[in-house]
Amino acid sequence: MLRLKCESNAGWAPAAVADLDTLLIDHVHCEKKAASTALSLINRYPEKTLLVDHMIVHAQEELEHFALVLGYLKERGTGLRRDSADPYVNQLLEHARRNEPQRLLDSLIVAALIEARSCERFQLLVDALPPGDLRDLFDGLMPSEARHFTMFLTLAREYFAAEEVERRLEEYTVIEAGIVRGLRDEPRMHG
Ligand SMILES: [Fe+2]
Ligand SMILES: [Fe+2]
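Residues 33 to 223 (my numbering) make up the sequence shown, in order.
So, in structure tokens, the structure goes:
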């Protein structure tokens with residue numbers, strides 16, 4: 033249902049679980065960046081009312097996730113550090129087309145795939161972690177990421193023909209799988 037063409041590398045979940053503080057710091061920045069992407073879509077496409085309405089709700093929800101994960105970090109006594117480059121997202125964006133209207137389609141597909149990969153990785157974390165607060169956190173966030181994946185694709189089909197969305201999604205899932213296979217196993221949500 034998430035359309036991903038490969039699972040995360042087998043070494044990713046053990047690396048993530050071995051350094052949960054670093055994972056959570058990266059994760060909290062991902063939530064913030066998701067909210068920020070929603071706002072930048074509003075900035076770029078103010079005339080697209082349906083998109084704007086969805087992005088208002090989305091930005092709010094992702095900012096709530098940011099606050100939630102930040103709460104877990106504080107509880108662990110871990111301070112927030114500056115964000116570092118996200119090789120996964122940067123590589124995905126390298127393939128995005130620069131001219132409209134293709135730029136919008138690629139932005140929506142990239143956002144959908146980031147949500148799908150997060151969802152897959154939350155499940156891996158739930159499987160790898162012992163029962164407890166952190167496992168509950170990832171388990172609780174998983175349904176939202178699946179819903180966000182669907183929401184971005186539904187929006188894409190609102191503004192583009194279904195066949196065009198399907199064709200580009202198919203191309204991008206192949207690109208995404210290649211990027212994921214090439215990632216080092218690091219305690220990050222994506223990179
Ligand atoms: Fe989120
Ligand atoms: Fe999300």
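For glycine and all other residues, C-beta sits at the position ideal for the given N, C-alpha and C. The structure presented is a predicted model; accordingly, all values stated were derived computationally and were not measured.
Item: Supposed close pair LEU27, PRO119 - CB separation, criterion 8 Å; Value: A query on residue 27 cannot be resolved here, the shown segment of the chain reaching from 33 to 223 and no further.
Item: Three-state secondary structure assigned by DSSP to LEU32; Value: Coverage of the chain is limited to positions 33 through 223, which leaves residue 32 absent and any answer about it impossible.
Item: Between the CA atoms of ALA178 and LYS106 - distance to the nearest angstrom; Value: 27 Å
Item: Residue nearest to ASP73 in terms of C-alpha spacing, selected from CYS62, LEU112, ASN41 and ALA143; Value: Inspection of the sequence shows that residue 73 is occupied by Leu rather than by Asp. Among CYS62, LEU112, ASN41 and ALA143, the Cα nearest to that of LEU73 is on ALA143.
Item: Pairwise C-alpha distance: LEU124 and LEU56; Value: 22 Å
Item: Nearest-angstrom Cβ-Cβ length linking ALA45 and LEU157, presumed shorter than 8 Å; Value: 7 Å
Item: Cβ shell of SER139 (< 7 Å), same chain only, five flanking positions each side left out; Value: LEU73 and ALA128
Item: The alpha helix (DSSP H) enclosing ALA42, as first and last residue numbers; Value: From DSSP, ALA42 is part of no alpha helix (DSSP H); its letter is neither H nor E.
Item: Nearest-angstrom Cα separation, counted from PRO219 out to PHE170; Value: 15 Å
Item: Span of the alpha helix (DSSP H), counted from its first residue to its last, around THR54; Value: 52-76
Item: CA-to-CA distance, GLY103 to GLN134, given in whole angstroms; Value: 38 Å
Item: Top-ranked residue by Cα proximity to LYS64, from PRO163, ALA91, ASN41 and ASP159; Value: ALA91
Item: With 16 other Cβ atoms within 10 Å as the buried cut-off, status of SER176; Value: buried
Item: C-beta atoms of HIS222 and ARG149 nearer than 8 Å; Value: yes
Item: Other residues of its chain near GLY97: CB distance less than 6 Å, five sequence neighbours each side excluded; Value: One point to set straight first is that residue 97 is His, not Gly, in the sequence displayed. These residues qualify, in order along the chain: GLU63.
Item: Spatial neighbours of ILE141 in its chain, beta-carbon cut-off 8 Å, leaving aside the 5 residues before and after; Value: PHE184, LEU185, ALA188, VAL197, ARG200, LEU201 and TYR204
Item: Cβ neighbour criterion (16 or more within 10 Å) applied to ILE211; Value: buried
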